[in-house]
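A.B. asks: The structure is given below, and queries will be raised subsequently.
Protein chains: 2
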Amino acid sequence: MSLTLADAIERHILAQLAAAGEIAIQRVELARQYGCAPSQINYVLATRFTPERGFLTESRRGGGGYIRVRRAAQPELGRIAAALRAAPDGIAQAPAHALIARCREAGLLRDREAAMLQALTRREAIGLPLPLRDMVRARCLAAALLALSDER
Amino acid sequence: MSLTLADAIERHILAQLAAAGEIAIQRVELARQYGCAPSQINYVLATRFTPERGFLTESRRGGGGYIRVRRAAQPELGRIAAALRAAPDGIAQAPAHALIARCREAGLLRDREAAMLQALTRREAIGLPLPLRDMVRARCLAAALLALSDER
DNA sequence: ATAATAAGGTCAGGGAAAGTCAGAAAGCCT
DNA sequence: AGGCTTTCTGACTTTCCCTGACCTTATTAT
Numbered sequence: 001m002s003l004t005l006a007d008a009i010e011r012h013i014l015a016q017l018a019a020a021g022e023i024a025i026q027r028v029e030l031a032r033q034y035g036c037a038p039s040q041i042n043y044v045l046a047t048r049f050t051p052e053r054g055f056l057t058e059s060r061r062g063g064g065g066y067i068r069v070r071r072a073a074q075p076e077l078g079r080i081a082a083a084l085r086a087a088p089d090g091i092a093q094a095p096a097h098a099l100i101a102r103c104r105e106a107g108l109l110r111d112r113e114a115a116m117l118q119a120l121t122r123r124e125a126i127g128l129p130l131p132l133r134d135m136v137r138a139r140c141l142a143a144a145l146l147a148l149s150d151e152r
Numbered sequence: 001m002s003l004t005l006a007d008a009i010e011r012h013i014l015a016q017l018a019a020a021g022e023i024a025i026q027r028v029e030l031a032r033q034y035g036c037a038p039s040q041i042n043y044v045l046a047t048r049f050t051p052e053r054g055f056l057t058e059s060r061r062g063g064g065g066y067i068r069v070r071r072a073a074q075p076e077l078g079r080i081a082a083a084l085r086a087a088p089d090g091i092a093q094a095p096a097h098a099l100i101a102r103c104r105e106a107g108l109l110r111d112r113e114a115a116m117l118q119a120l121t122r123r124e125a126i127g128l129p130l131p132l133r134d135m136v137r138a139r140c141l142a143a144a145l146l147a148l149s150d151e152r
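Sequence lines, in order, name chains A and B. Heads up, the first sequence is in my numbering, so the first residue is 1 and it goes up one at a time. Heads up, the second sequence is in my numbering, so the first residue is 1 and it goes up one at a time.
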């Protein structure tokens, strides 16, 4: 039952999130409340509020800066993106296209979105020699799906 | 929702612009309304109302001076794709993002599509050293936009 | 013409956030 | 105790906001 600082901050954020659906926190202010270093907030966000777990964060620096946290609209896409990023060899064209097709059939992607992704994951579009090409394809696809997991 | 001064002024101008299509502001007067330095107006214009985002500004100094702001003409997807493929050095991240944002504002891209493209044209997503990265970005973006011009 | 006045432009710099990352500290296993 | 993992911090970096001092240009008064 040892409740670490990170756990406490996690609960704090989860509670706020349950109440509001989307929250904006001031990193330095939250750190002050818990009497810790600001970077601790980053640690909590990085370890607990990841896309794999269905969360999204965005931030702005400078005066009036903030960190916004919300639940992903489609956590499925976040998990697929995470798997793609974890693939050590990237992904070849055929499996990528199959994946995109499955997502479309599952209703995670619309026709236009699927068409765009099919087009830009073709080898001619990437235009690199092979060990690299599959890596770039995986990274770009992952980034795209992750971004979509947020939207509407 | 921490709204900075720059954000507030941006909204002010956007609102005026939506109402009129083209506006002329007095820098010193607008600064007075918001209780800030006149150069703050320049900051807002320089960071938010750039040509890359589809705005045009012109100004006159001296007595009866003004700053005029209006929207630039809309781009077309097919043309953009062609231009991208013709660019010998590819395209850097900032102009690419500005281009995508502009297409969204012009109604050529939906929110989800724009979010996707923004994400996958980020340098971390592509993850290549620099001469190459801009090339790949341009090719992928061109392929995606071209695919869309077929859809509908 | 010249001087005064009334605009807007530019730029360096300070301050206010948030991000990054190496490494210390604390837990948790055998 | 020793080793692995997780937590946590501090120093440094990057990004963004905002101002003040100084410069350029246009109009108006003398």
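Where a beta carbon is used, it is the ideal one built from N, C-alpha and C, also for glycine.
Quick one: residues in its chain with C-beta nearer than 6 Å to the C-beta of Ser59 (chain A), no 5 flanking neighbours on either side, listed in chain order?
C.D. replies: Beyond the five residues adjoining it in sequence on each side, Ser59 (chain A) comes within less than 6 Å, by CB distance, of Ile67 in the same chain, given in chain order.
A.B. asks: Quick one: what's got a C-beta closer than 7 Å to Cys36 (chain B)'s C-beta in the same chain, skipping five residues either side?
C.D. replies: Taken in chain order, the residues that qualify are Leu5.
A.B. asks: Under 8 Å Cβ-Cβ, which residues of chain A neighbour Cys140 (chain B)?
C.D. replies: Result: Leu120, Ala125, Ile126 and Cys140.
A.B. asks: Can you pull the chain B neighbours of Gly78 (chain A), defined as C-beta to C-beta under 8 Å?
C.D. replies: What Gly78 (chain A) touches in chain B: nothing, since even the nearest Cβ is about 12 Å away.
A.B. asks: Give the residues of chain B in contact with Arg27 (chain A), contact being defined as C-beta atoms less than 8 Å apart.
C.D. replies: Within 8 Å Cβ-Cβ: nothing; Arg27 (chain A) doesn't reach chain B, min ~12 Å.
A.B. asks: With a threshold of 8 Å between beta-carbons, can Tyr66 (chain A) be considered close to chain B, or not?
C.D. replies: yes
A.B. asks: Could you confirm whether any beta carbon from chain A is found closer than 8 Å to the beta carbon of Val44 (chain B)?
C.D. replies: no
A.B. asks: Measuring only between beta-carbons, confirm whether Asp111 (chain B) sits less than 8 Å from chain A.
C.D. replies: yes
A.B. asks: Would you call the CB atoms of Arg79 (chain A) and Ala142 (chain A) closer than 8 Å?
C.D. replies: no
A.B. asks: Let me know the secondary structure DSSP gives Glu52 (chain A) once reduced to three states.
C.D. replies: helix
A.B. asks: Quickly, what does DSSP pair Val28 (chain B) with across the bridge? List them, please.
C.D. replies: Per the DSSP secondary-structure output, Val28 (chain B) pairs with nothing in a beta bridge.
A.B. asks: When you compare the region 105 to 117 of chain B with the region 105 to 118 of chain A, are there three or more beta-carbon pairs, one atom per stretch, that lie closer than 8 Å?
C.D. replies: yes
A.B. asks: Using CA coordinates, which residue listed in B:Tyr34, B:Leu45 and B:Arg53 is at the minimum distance from Ala101 (chain B)?
C.D. replies: B:Arg53
A.B. asks: Report the CB separation of Ala150 (chain A) from Ala92 (chain A) in whole angstroms; it is logged as a contact under 8 Å.
C.D. replies: According to the sequence as given, residue 150 (chain A) is Asp; it is not Ala. Not a contact, Cβ separation roughly 27 Å.
A.B. asks: Grab the span of the beta strand (DSSP E) containing Ile9 (chain A) for me, first residue to last.
C.D. replies: From DSSP, Ile9 (chain A) is part of no beta strand (DSSP E) but of the alpha helix (DSSP H) over Leu5 to Ala20.
A.B. asks: Starting from the C-beta of Ala138 (chain A), find all residues in its chain whose C-beta is less than 6 Å away, skip the five residues before and the five after it, and write them out in chain order.
C.D. replies: Leu84, Ala87, Gly90 and Ile91
A.B. asks: Give a single yes or no on whether Val69 (chain A) has its beta carbon closer than 7 Å to a heavy atom of the ligand ATP.
C.D. replies: The ligand content of the structure shown is nil, which means the ligand ATP is not present either.
A.B. asks: Tell me where the beta strand (DSSP E) around Ile67 (chain A) begins and ends.
C.D. replies: Tyr66 to Arg71
A.B. asks: With H, G and I counted as helix, E and B as strand and the rest as coil, what does DSSP make of Thr57 (chain B)?
C.D. replies: strand
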